[in-house]
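Protein sequences, first through last, are from chains A and B. For the first sequence, the positions run 497 to 977 when my numbering is used. For the second sequence, the positions run 497 to 977 when my numbering is used. Glycine is no exception: its CB is placed at the ideal position from the N, C-alpha and C atoms. Since the structure is predicted, the reported quantities are computational estimates derived from the model, not experimental observations. Contents: one structure, followed by commentary.
2 protein chains.
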Amino acid sequence: MGKNNKDFVKEITPMEVDFPQWYTDVIRKTDLVDYSPVKGFMVIKPYGYALWENIQSFLDGRFKDTGHKNCYFPLLIPESLLQKEAEHVEGFAPEVAWVTHGGKEKLAERLCVRPTSETIICSMYSKWLKSYRELPYLYNQWCSVVRWEKSTRPFLRTSEFLWQEGHTLHETYDEAQAETIQMLNIYKEMAEDLLAIPVVTGRKSEREKFAGAYATYTMEALMHDGKALQAGTSHNLGQHFTKAFDISFLDRNGDMQNPYHTSWGVSTRLIGGVIMVHGDNRGLVLPPRLAPNQVVIIPIAQHKEGVLDKAYELKKQLDDMGLRVELDDNENYSPGWKFNEYEMKGVPVRIEIGPRDIKNNQVMVARRDTLEKEAVSMDGLAENINRLLETIQKDMLEKARKHRDANTYYVESFEDFKEKMEEKPGFAKAMWCGDRECEEHVKAETGATIRCIPFEQEDLGGKCHFCGKEAKHMVYMAKAY
Amino acid sequence: MGKNNKDFVKEITPMEVDFPQWYTDVIRKTDLVDYSPVKGFMVIKPYGYALWENIQSFLDGRFKDTGHKNCYFPLLIPESLLQKEAEHVEGFAPEVAWVTHGGKEKLAERLCVRPTSETIICSMYSKWLKSYRELPYLYNQWCSVVRWEKSTRPFLRTSEFLWQEGHTLHETYDEAQAETIQMLNIYKEMAEDLLAIPVVTGRKSEREKFAGAYATYTMEALMHDGKALQAGTSHNLGQHFTKAFDISFLDRNGDMQNPYHTSWGVSTRLIGGVIMVHGDNRGLVLPPRLAPNQVVIIPIAQHKEGVLDKAYELKKQLDDMGLRVELDDNENYSPGWKFNEYEMKGVPVRIEIGPRDIKNNQVMVARRDTLEKEAVSMDGLAENINRLLETIQKDMLEKARKHRDANTYYVESFEDFKEKMEEKPGFAKAMWCGDRECEEHVKAETGATIRCIPFEQEDLGGKCHFCGKEAKHMVYMAKAY
Ligand SMILES: [Zn+2]
Ligand SMILES: [Zn+2]
C-alpha cells in the first residue's frame with residue numbers, strides 16, 4: 497500500500513517543480529477533461545461535468561430567486577449584427593468561427609458561432625420592447641460559446657467553453673447599475689460559499705473592460721502559483737448596445753428612450769480555479785459542497801463476514817442524511833489503490849471500515865484537505881460526518897484566504913514591484929494614475945495587468961507607483977491566466 | 497369581459513379552419529418562441545424554455561436513476577470524422593452547417609456544427625476504451641444541434657434545436673438491445689406521465705431508421721389534425737460505428753472485440769407535440785406536471801378591503817403544498833383580460849377570489865382542460881386543488897388516448913387507405929410485406945409513411961394491404977410532421 501502510494505503520486509509533477517505541468521497532470525489523471533480531435537476544443541468528462549452541474553444548480557437557483565428567467569437564443573449570428581456596435585466587433589471579430597455554407601449552399605451572409613450573445617439578443621429585444629411596463633427584462637441562458645484561441649489550456653482558455661450569460665434591460669441607469677452589482681455579488685457568494693475561493697471584487701480599467709461595456713466589474717481569485725484568475729464578470733453596458741440596436745420604449749412620461757443594459761457571465765473556467773486554489777501534489781482537493789462525491793466508503797478485507805453488510809448500512813445512514821456517498825467494493829483493486837485514487841480525485845472524506853473497526857464499533861475517517869486520519873465511533877456517525885463536511889468547507893475557504901493574504905503585498909516603487917513580480921508573484925496593491933499609457937507600460941515591462949480597481953479602496957499615497965503622476969485609484973496588480 | 501373574450505379568441509384561427517395557422521397563432525400569442533434574424537433558427541422565450549426545463553428535469557432524474565452520467569463533447573466536428581461511417585455521412589452531410597474560418601484564417605479542414613454527435617463521441621471512445629471492466633459506458637449530453645432545413649416550423653422542424661443525446665457502449669449485443677429498449681421506455685413514461693401524451697412504440701422500417709443504425713425504435717404520437725409526430729427515438733447502432741471508429745476492448749476471454757453501441761434522443765420538438773395534442777381554439781392546454789404555473793389566482797375587485805390579503809393567504813397555502821402558483825394583481829388589466837390571458841397560456845387551474853367569495857368562504861375554480869367552473873370552499877382548498885391537478889393530469893392523458901383511438905383504424909385495402917388518408921387522417925393499421933419498394937410506392941401515392949412496426953403486433957391477415965404480397969409485419973401508417 498505504501499509502495500502503491502508513492503508510485504502513484506510520482507505521476508503528478510510536484511507543483512513546486514513545474515506548476516503548469518502539475519495542472520496538466522492533475523487534469524489528465526483525474527478524468528475531468530480530455531483533448532478532442534479539434535485543436536483547442538475539449539471534452540468535459542463526467543467527473544468534470546458533475547462539477548459544472550453543481551455550479552449550475554447553485555447559480556440557477558440564485559438567478560431565479562432574484563427574478564431571472566432562462567431562455568435560449570440562436571447559436572449563429574449574422575455578420576451584420578456583430579458589426580453594429582463598434583467596440584464590440586473590434587473586440588470579438590478576430591476570434592470568431594465563421595459558418596459559410598449550409599449543406600451544399602454558400603450562404604449569402606456569413607454567420608458567426610456566438611462568442612457571446614449581446615448582438616443577437618439585442619436584435620430581439622429591439623423587436624419586443626414597447627413600454628416601460630414590460631421592464632425590467634431579466635433573462636439568462638446556459639449554453640456554449642466559441643472563441644478561436646491561439647493557445648489553450650483545459651478549463652482556463654479553450655476555443656469552446658460552457659457558460660451562462662445574463663442579459664437584462666432596465667428603465668434607468670441606477671437600476672442597471674444595481675443589477676450589475678447584484679449579479680457580481682451572487683458570483684462572489686458562489687465563489688466563497690460553494691467553491692471556497694475568496695475573491696477580490698472591483699471595477700476593470702478601461703483597457704481591461706468588456707468590448708462595448710460602459711463599465712465591467714470582476715471578481716479575481718489568486719491561484720497557488722501567485723497568478724490571478726478572472727473568475728466572473730458583470731457588465732454595465734449603459735446604452736451602448738441599446739442605441740446601436742435601436743431598442744427603445746415609451747417611458748413613464750410618454751417619451752421614447754433607450755433602456756439601460758447589463759450582461760454577466762461565469763464559465764467552466766471556474767473549475768480551473770478550483771483546481772489551482774485547492775489542489776495539492778496528490779491531486780484534486782474538492783470543497784464538500786461542490787464535490788460530486790462527498791464521502792467514499794472503502795471496505796477493508798471486504799470478503800470477511802459482515803464487512804460489506806456494515807459498509808452498506810453506513811452508506812444508507814449517510815445517504816439518508818442527504819450526503820453524496822460512494823461505496824467502492826470493486827474486488828479488482830486493493831484498498832491502498834483506492835485510497836490513492838479517491839485522494840487524487842479530491843473526495844473530501846474517506847471512511848475505511850474493516851473487521852477490526854467493526855469489532856471496536858468505529859471507523860477510520862480521513863480528511864482530504866488536511867490528510868488527517870482518526871478513529872470515529874459508529875454511534876452518531878452520519879451527524880458527525882455531516883458536521884465534518886461543513887468544517888472542511890469552512891477550513892478550505894479559510895486556508896485559501898490565508899494563502900491569498902500571504903501573497904498580497906504593498907508596492908513600494910516600480911522597481912520593487914518588478915522584483916516582487918519575478919520573485920514572489922501574487923496580488924500587488926498599488927496606486928495608479930488612471931492613464932492607459934502607464935498601464936500599457938507596466939504590462940509591457942512586467943507582464944502584470946491591473947486586475948481591478950477594488951471596491952475597498954486603501955490610501956497608499958498620492959502618487960502613481962509606476963509613473964509618479966498624481967494617483968487616482970488603488971489597484972490590484974498581478975500576472976493572470 | 498364577454499366582449500374581451502370574443503375579441504381575443506378571434507386572434508387565434510380555429511383549428512378546424514386551418515390547423516397550421518392555428519398552430520402558428522398559438523405559438524405567437526403565447527410567447528413560447530420567436531423567429532430570429534437567421535432563417536430557420538428560433539428564439540425560445542422564457543415560457544417555452546420553462547417547458548423544456550421541466551422535461552429536462554424529469555428525464556435527467558430518470559437517466560441518473562438508471563446509471564447514466566452527463567458530459568459534454570465539442571460543438572464542431574472535423575469533416576473527416578463525419579465521413580467515417582458511410583450511411584451516416586450520406587444521411588447528414590447534406591444538412592450540416594460548415595465552419596471554414598477561425599478568426600481571419602481559413603481552416604485546413606472544414607468543421608461541421610454537430611448535427612448529432614456519434615462521430616465525435618466515437619472518436620473519443622476509441623481513445624478511452626481498453627477493457628471490458630470499464631463497460632458499460634453510459635453517457636448523455638444536453639446541447640443544441642444544427643441541421644440545415646429548407647422549410648421550418650417552430651419546435652417541429654428548426655435549423656437548430658435543443659435536445660439530449662445518450663451514447664452508450666456495451667459488451668454484448670443483448671445488453672445494447674436492452675439499453676435501447678430501456679431508454680425508449682423512459683421516453684414513453686415521460687410522454688405519458690409528464691406530457692399526458694399517449695404514444696405507440698415500435699421499430700422503424702429500414703427506410704425510416706437513423707443513418708448508420710442497426711435498428712431504430714421510436715415513439716409516435718397522434719396530433720389533433722390526425723398527423724403523427726415522431727416524439728423520440730432510441731437506436732441500437734450495433735457495431736457499425738464501433739468498427740468504423742476502431743473502438744475495441746479486451747473481453748473476458750482475453751480477445752479484442754468491438755463493443756455494441758446505442759444512442760437515443762428527444763428534443764424541443766416535444767413541445768410542439770404538447771401544443772398539438774392538447775391545445776384548443778382558446779390556446780394552450782398544459783398538463784399540470786409540465787405547466788410552469790399550475791395555478792393562477794386572480795383577485796376580483798382587488799381594491800376592496802381584504803381581497804388581496806385573502807388572495808395572498810391562499811397563495812401561501814398553495815405554495816406550501818409545493819404547487820407552482822402565480823397571483824396576478826396587476827392593476828393595469830381587468831380580471832376578464834386576465835382570464836383570457838391565462839386560458840390562452842394553458843394554466844391548468846384558475847382561482848377567482850372576490851368580496852362575495854370571501855363572504856361565502858369560497859372561491860371560484862376553473863379547469864382549463866374542460867373549461868368547467870365551480871365554487872369550492874376555502875376549507876381544505878390546497879388539498880383539493882392538489883387533487884384536482886392530479887385529476888386533470890389523468891383526464892388529459894385519457895382524453896388524448898380517446899382521441900388517438902378514435903382516429904386509429906384498420907386498413908381494408910390500398911384504395912380504402914388512400915381514401916381515409918384524405919378524408920380522415922390518423923393512424924392506419926395495416927399489414928406490410930416488408931419491401932422498401934412497396935413502402936416507397938405508398939409514400940409517393942399518399943404522402944403517408946410507416947411510422948413504426950409496433951411491439952404490439954396484431955394479425956390483420958396474410959397479405960400486404962398495399963401490394964398483395966405475403967405480409968411480414970403489422971405497421972402503423974400516417975402522414976407525419
Ligand atoms: Zn501612472
Ligand atoms: Zn407490400
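inquiry  = Given a cut-off of 7 Å on the beta-carbon distance, is the pair A/Y713 and A/V762 in contact?
reply    = In this structure, the beta-carbon distance from A/Y713 to A/V762 does not fall below 7 Å.
query = Could you give the distance in angstroms between the alpha-carbon of A/D747 and the alpha-carbon of A/Y633?
reply = Each residue's Cα considered, the two are about 15 Å apart.
inquiry  = Can you determine whether any heavy atom of ligand 2 sits closer than 6 Å to the C-beta of B/F913, and answer yes or no?
reply    = No, the Cβ of B/F913 stays beyond 6 Å of every heavy atom of ligand 2.
A/A770, DSSP secondary structure in three states = One detail in the question is off: residue 770 of chain A reads as Val in this sequence, not Ala. Helix, per DSSP.
task = Could you tell me whether any non-hydrogen atom of ligand 2 is closer than 6 Å to the CB of B/K965?
result = Within the cutoff, so yes.
ask   = Does B/S763 come within less than 7 Å of chain A when only Cβ atoms are used?
value = No, B/S763 does not count as interfacial toward chain A.
task = Quick one: give me the first and last residue of the alpha helix (DSSP H) that A/H961 is part of.
result = A/H961 -> no alpha helix (DSSP H), and no H or E assigned at all.
ask   = What separation, rounded to the nearest whole angstrom, lies between the Cα atoms of A/F745 and A/K626?
value = Their Cα atoms are separated by approximately 5 Å.
ask   = Looking only at its own chain, which residues have a Cβ that is under 7 Å from the Cβ of A/K806, when we skip the five neighbours before and after it?
value = Within the same chain, I849, I854 come within 7 Å of A/K806 by CB-CB distance, once the 5 residues on both sides are set aside.
inquiry  = Taking the alpha carbon of B/E915 as the reference point, which residue from B/Q889, B/A674, B/G943 has its own alpha carbon closest?
reply    = Nearest C-alpha to B/E915: B/G943.
request  = Take every Cβ of the segment 787-804 of chain B, pair it with every Cβ of the segment 822-836 of chain B, and state whether three or more of those distances are shorter than 8 Å.
outcome  = Touching, yes.
task = Return the CA-CA distance between A/A589 and B/A604, expressed in angstroms with no decimal places.
result = Looking at the backbone, the Cα of A/A589 and that of B/A604 are separated by about 20 Å.
request  = Identify whether A/G734 lies in helix, strand or coil by the three-state DSSP scheme.
outcome  = It is a strand residue.
Residue-chain proximity (A/F737, chain B), Cβ-Cβ < 7 Å = False, the Cβ-Cβ gap to chain B never drops below 7 Å.
query = Name the chain A residues whose beta carbon is nearer than 7 Å to that of B/D530?
reply = Within chain A, the residues near B/D530 are M620.
request  = Measuring only between beta-carbons, confirm whether B/Y829 sits less than 7 Å from chain A.
outcome  = No, because no Cβ of chain A sits closer than 7 Å to the Cβ of B/Y829.
inquiry  = B/E933 and B/R703 - do their beta-carbons sit closer together than 7 Å?
reply    = No Cβ-Cβ contact shorter than 7 Å links B/R703 with B/E933.
task = Quick one: grab the DSSP three-state call for B/H584.
result = Three-state result, B/H584: helix.
request  = Along the alpha helix (DSSP H) that carries B/E801, what are the first and last residues, could you check?
outcome  = Looking at the DSSP string, B/E801 is not in any alpha helix (DSSP H), and its letter there is neither H nor E.
request  = For B/V845, I'd like the list of residues in its chain whose CB is within less than 8 Å of its CB, leaving aside the five on either flank, ordered along the chain.
outcome  = If we look at B/V845 and ignore the five residues flanking it on each side, its Cβ neighbours are P784, Q790, V791, V792, V861, A862, R863, R864, I881, L884, L885, I888.
query = Cβ of A/F910 within 6 Å of any heavy atom in ligand 1?
reply = Outside the cutoff, so no.
request  = Run down chain B in chain order and give the residues with a C-beta less than 8 Å from the C-beta of A/S640.
outcome  = What A/S640 touches in chain B: Y568, L571, C639.
request  = May I ask which residues mark the beginning and end of the alpha helix (DSSP H) holding B/S647?
outcome  = No alpha helix (DSSP H) holds B/S647; DSSP gives it neither H nor E.
message = Using C-beta distances below 6 Å, list every residue in its chain close to B/T441, excluding the 5 sequence neighbours before and after it, in chain order.
response = Here chain B comprises residues numbered 497 to 977, so residue 441 of chain B is not present and cannot be evaluated.
ask   = Between A/F962 and ligand 1, is the CB less than 6 Å from at least one heavy atom?
value = Taking non-hydrogen atoms of ligand 1 into account, the C-beta of A/F962 is found less than 6 Å away from one of them.
task = Taking A/Q678 as part of the alpha helix (DSSP H), name the residues at either end of that continuous run.
result = 669-685 is the span of the alpha helix (DSSP H), which, as asked, contains A/Q678.
task = With 7 Å as the threshold, decide whether the Cβ of A/A593 is near any Cβ in chain B.
result = With 7 Å as the cut-off, A/A593 counts as an interface residue toward chain B.
Contacting residues, own chain, Cβ-Cβ under 6 Å from B/Q673 (five flanking each side not counted) = Here the set comprises N732.
inquiry  = From the DSSP secondary-structure annotation, give me the bridge partner or partners of A/P795.
reply    = BP columns for A/P795 point to A/I849.
task = Please work out which residues of its chain come closer than 6 Å, Cβ to Cβ, to B/Y543, disregarding the five sequence neighbours upstream and downstream, and give them in chain order.
result = Cβ neighbours of B/Y543 within its own chain (closer than 6 Å, five residues either side excluded): D527, L528.
key: Length of the line joining the Cα atoms of A/I616 and B/G599   = Answer to the nearest angstrom: the Cα atoms are 19 Å apart.
task = Give me the Cα-Cα distance between A/V522 and B/K895, rounded to the nearest whole angstrom.
result = Cα to Cα, the separation comes out at about 56 Å.
query = So B/V595 and B/V585 are in contact, right, with Cβ under 8 Å, and what is the actual spacing, rounded?
reply = Contact between B/V595 and B/V585 fails: their C-beta atoms lie close to 17 Å from each other, not under 8 Å.
task = Mind listing the chain A neighbours of B/Y545? Cutoff is C-beta to C-beta under 7 Å, in chain order.
result = Taking a Cβ-Cβ cut-off of 7 Å, the neighbours of B/Y545 in chain A comprise N566, C567, Y568, given in sequence order.
key: Within chain A, partners of B/I551 - CB distance below 8 Å   = Correct list: empty, because the minimum Cβ distance to chain A is about 13 Å.
key: Alpha-carbon to alpha-carbon, A/C963 and A/H969   = The straight-line gap from Cα to Cα measures roughly 13 Å.
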